[in-house]
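Notes to accompany the following structure.
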Amino acid sequence: MEMAATGRRRDFKRQVVFCFLILAVCEMIFGQIRYSIPEELQKGSFVGNIAKDMKLNIKELSVLTASIISRGRNQYFALDFKNGQVIINEKIDREEICREVSQCLLNVDIVVEETVKIYAIEVTIQDINDNSPTFPNEEIVLKISESTIPGARYLLQDAEDPDLGNNSLQNYQLSYSKYFTLDVQIGDDGLKYAELVLEESLDREEQAVHYLILTATDGGDPVRSGTTQIHVIVLDANDNAPVFNQSLYKADVLENVPLDTVVISLNATDKDEGIHSDVIYLFRKITDKASQIFQLNSKTGAISVVGNLDFEESEVYEIEVQANDGGGLSARCKVLIKVINLNDNIPELTFTSLLSPISEDSPPGTTVALLNVHDRDSGENGRVTCSISGNLPFQLKKSSGNFYSLVTNRNLDREQVTEYSIRVTATDKGTPPLSTTKNILLLISDKNDNPPIFDQSFYTVYVTENIPVGTSIYSTMAKDLDQGQNSRITYSIIEGQLGEVPLSSYVSINSETGVIYALKSYDYEQFKDLQIQVKAEDGGSPSLKSNTTVKIVILDQNDNSPEILYPSFIIDGSTGVELAPRSCDPGYLVTKVVAVDADSGQNAWLSYILVTSSEPGLFTVGLHTGEIRTDRLFFEKHSIKQTLVILVRDNGQPPLSSTVTVTVMVTDSIQDILSDLSSLSSPTDTESNLTLYLIIAIVTISCFFFIFIIVLLVIKFRKWKKSQLFESSSVNFSAIPTSHYVGVDGVRAFLQTYSQDLCLTTDSGKSQFKYPNSSHSNTLAVNQVSQKQASILITEALNISDEDQSLFKVSFHLLLFQDFYFFFLLRFKSLKDFHSRKKCLPIIILFQQLI
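The sequence shown begins at 578 in the working numbering and counts up one residue at a time.
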């Protein structure tokens, strides 16, 4: 027998060890930690070391990254961040939390926000013998008729002990009495109740009242007990007790039932008559919580609701009701009230962590917030789903238990949306469903992902020349969609060259406003435009930049007076000389004033005006051509020398002008020209002597030439004896055409070519110039005949032999030299200064030597 008992004990130990191993494996599989602690521990008591059990780093359980969340209403536990221990935060009363539930569990979640991990803890609250059995009333009054037969039983009030197991109610004891004994019974529900048994017949006359002590004890260590006093009043005979029509009453009631609603009505009858048949109802056994919710009508037996029902607090209420007649007899029944669950609790939604602001370059899948949802309802009414509304770049992912993670599902762009108002809705599956909503304001932080942008890639700016230094030319502006320092734009000019001069010497730019300033007063005649590159750079890291081109077009101003190219300006007081035959017709082109203007546009449109004339009415000037023409015929009374003052004016605002003086010699005879040249003498003695030398040189050369011609004729007269040869003694020569002039800046001003036939005759023994009739054309014809052709024509006309041709060629060359020397001396008078004339003296001497 002992060996069999020993074997059974070993098998029992193996089974216990195996169960513990199974539990350990389940904990490892499901990753949940279970602790077991007794109730009524003091605040700060140790529960378990979560850091050690979950192999966590203490640094991960800092105040900023970890938090502990209880699933109930009260926060019974706290987390010691120094050593990773779970401690008691509030004294725990198992009877208050779990009441009659045999296994009392508290669930706790530890959330580590930095790693977005959740650790579930299940704490089992162990019962201790901290409650003594108590009776509902301190005194029990029984009225027993003296006619009651021994063996009659009287149900006594049950004592209550909220503890569990051995710590709960275990036995009843009755003080000694020869009339009464105590019989303890075990009901169908496993609970013990006491009945008072009458052992001997009572005699009211002998003893009208009996006092008994009923003691209830539990099985704790130490044993706790509670007592109540029983007063037995002996009555006259009442031989029928009340009887309930049911021993067990059941009722279902909605948890949202209105107050004062009758849940159930009890019915007990007594066959006695009179006072012994009056039945009174009272609660025989009811909990404190149930007594606050239900009320019993002592006369009618109706049970009504006077408090708020909550399925989540208690699903079933078990109540015992006792019916007493007037004779002291009673009966009992049990009432079972079941609460029907309704969806009457709104889901609770809390945010345990929120990452705001979030960078716009966060990759998809970045966790933004951690949410916890809880519904106090049960079943389907307590199942909650979360969702977000709108087409937002976020989604909810269920992480663990009742926790959801709010993560990004696509890239963010702060330039499009600077912040998001995320509406999270938690909805249960009840009928009708209940929901709660919370809003999250999520800010998006900026990254430097947008370069500055100009509104145009090319700007054209017009400015007038001669603007003051420091004038604002144009304001460039770039926009940056970024924010803060990333959108702060700095402007600068990219260095370049305009010719050999850097652009930075012409313009500058304000680095903050982008305003371009002129550093020089621009000259349209120097350059027409300049082109610069403006760079805009933001303040991000790394910085982004963009460029634009600004073309500055210089607009012309009328800041240049007309420049007269022909006739050239006279500085030393002498005047240019133009020739006009006295016999020319009206409209004869004398000369042309050629002028240019360095400006452009209408500022360069020139007008020619005859300001003064020595004899008005003889000449006219073309308004736009500058051509000087005769206006009428010349007479003997008109002076040989005519002085004209021509005004050249541009079309600018205000207009600018220049003047030139033109001297016109009106004559058909060279003697008149020579005689009048003295009037053109310069005011200095040096120029007067030079003029005298020129006149003497001309006369000498002319005389020498005439003598040579006469000698040549005499020789020919000897060879040809025919008298008709002497009739053709005059020869015509064509003058050399004047040259063309080229104006400033590529402007070609055609100086009119004037060709006048020079006729040399021997009539009256003097030389004379003769002019052909004018053709009234702007440009006179020029006889371009070479020296060789001219000599052939003359020899043929004079019928000169070959041996005399060499002599004639010498004379012809002398004639050409004389003609050219004559015109050169005339132009020599119009040179600008004395130094220029000194430079020309060697040429004159050379001509004299050749002649």
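Yeah, the Cβ is synthetic: ideal placement off N, Cα and C, and Gly gets one too.
Where isoleucine 674 is concerned, the enclosing alpha helix (DSSP H) starts and stops at 671–674. With respect to aspartate 670, glutamate 616 sits close: the two C-beta atoms are nearer than 8 Å. Here the stretch 890–904 makes no contact with the stretch 929–943; the two share fewer than three CB pairs at distances below 8 Å. Collapsing the DSSP output to three states places threonine 864 in coil. For phenylalanine 1035, the CB contacts under 6 Å within the same chain, skipping 5 residues up- and downstream, are Thr1126 in chain order. In the three-state reduction of the DSSP assignment, isoleucine 726 falls in the coil class, being assigned neither a helical nor a strand state. When only Cα atoms are considered, asparagine 822 and isoleucine 841 end up about 13 Å apart. For secondary structure counted as the alpha helix (DSSP H) over 4 or more consecutive residues, the stretch 836–903 holds these complete runs in sequence order: 865–870. No Cβ-Cβ contact shorter than 8 Å links aspartate 1227 with leucine 1289.
Of the residues Gln1179, His1215 and Asn666, the one whose Cα lies closest to the Cα of phenylalanine 1196 is His1215. For aspartate 760, the enclosing beta strand (DSSP E) begins and ends at 757–763. When the Cα atoms are used, aspartate 686 and valine 761 turn out to be separated by approximately 46 Å. With respect to the 8 Å criterion, isoleucine 614 and valine 700 are classified as neighbours on the basis of their beta carbons. The criterion of a C-beta distance shorter than 8 Å is not satisfied by isoleucine 1070 and alanine 1055. Considered as a whole, the stretch 754–833 harbours 757–763, 769–775, 786–795, 802–812 and 825–831 as its complete beta strand (DSSP E) runs of no fewer than 3 residues, in chain order. The continuous stretches of alpha helix (DSSP H) do not include isoleucine 664, which lies in the beta strand (DSSP E) extending over residues 662–665.
Bounds of the beta strand (DSSP E) holding alanine 908 are 907–917. In this structure, DSSP gives glutamine 609 a state outside helix and strand, which the three-state scheme calls coil. Asparagine 920 has its alpha-carbon roughly 9 Å from the corresponding atom of glutamate 957.
When Phe1212, Arg781, Tyr770 and Leu831 are compared, the shortest CA-CA separation from threonine 725 is found for Arg781. Secondary structure note for aspartate 1005: its beta strand (DSSP E) is the uninterrupted segment 996–1005. In terms of Cβ geometry, leucine 775 and proline 727 form a close pair [threshold 8 Å]. Using a Cβ-Cβ distance cut-off of 8 Å, the stretch 789–797 and the stretch 695–713 are in contact, since at least three pairs of beta carbons, one from each stretch, lie closer than that value. When C-alpha distances from asparagine 1135 are compared across Leu843, Gln1179 and Thr1168, the shortest belongs to Gln1179. Where lysine 1122 is concerned, the enclosing beta strand (DSSP E) starts and stops at 1122–1132. Across the set Gly878, Ile880, Phe871 and Asn922, the C-alpha of Asn922 shows the shortest separation from the C-alpha of phenylalanine 888.
Per DSSP, the unbroken alpha helix (DSSP H) holding lysine 629 starts and ends at 627–630.
Remark: C-beta atoms of leucine 1233 and isoleucine 1186 do not approach each other more closely than 8 Å. For serine 1082, the three-state secondary structure derived from DSSP is helix. Under DSSP, threonine 1189 takes part in a beta bridge, and its partners are Val1222.
Secondary-structure assignment with DSSP links alanine 1055 through a beta bridge to Phe1031.
Per DSSP, the continuous beta strand (DSSP E) segment holding tyrosine 981 begins and ends at 980–985. Proximity of the stretch 1033–1051 to the stretch 1000–1016 falls short of the contact definition, fewer than three beta-carbon pairs being nearer than 8 Å. Cβ-Cβ separation between tyrosine 1101 and isoleucine 1131: approximately 5 Å, consistent with a contact (criterion under 8 Å).
According to the DSSP assignment, isoleucine 1017 belongs to the beta strand (DSSP E) that extends over 1012–1022. Annotation: the continuous beta strand (DSSP E) that includes valine 945 extends over 944–951.
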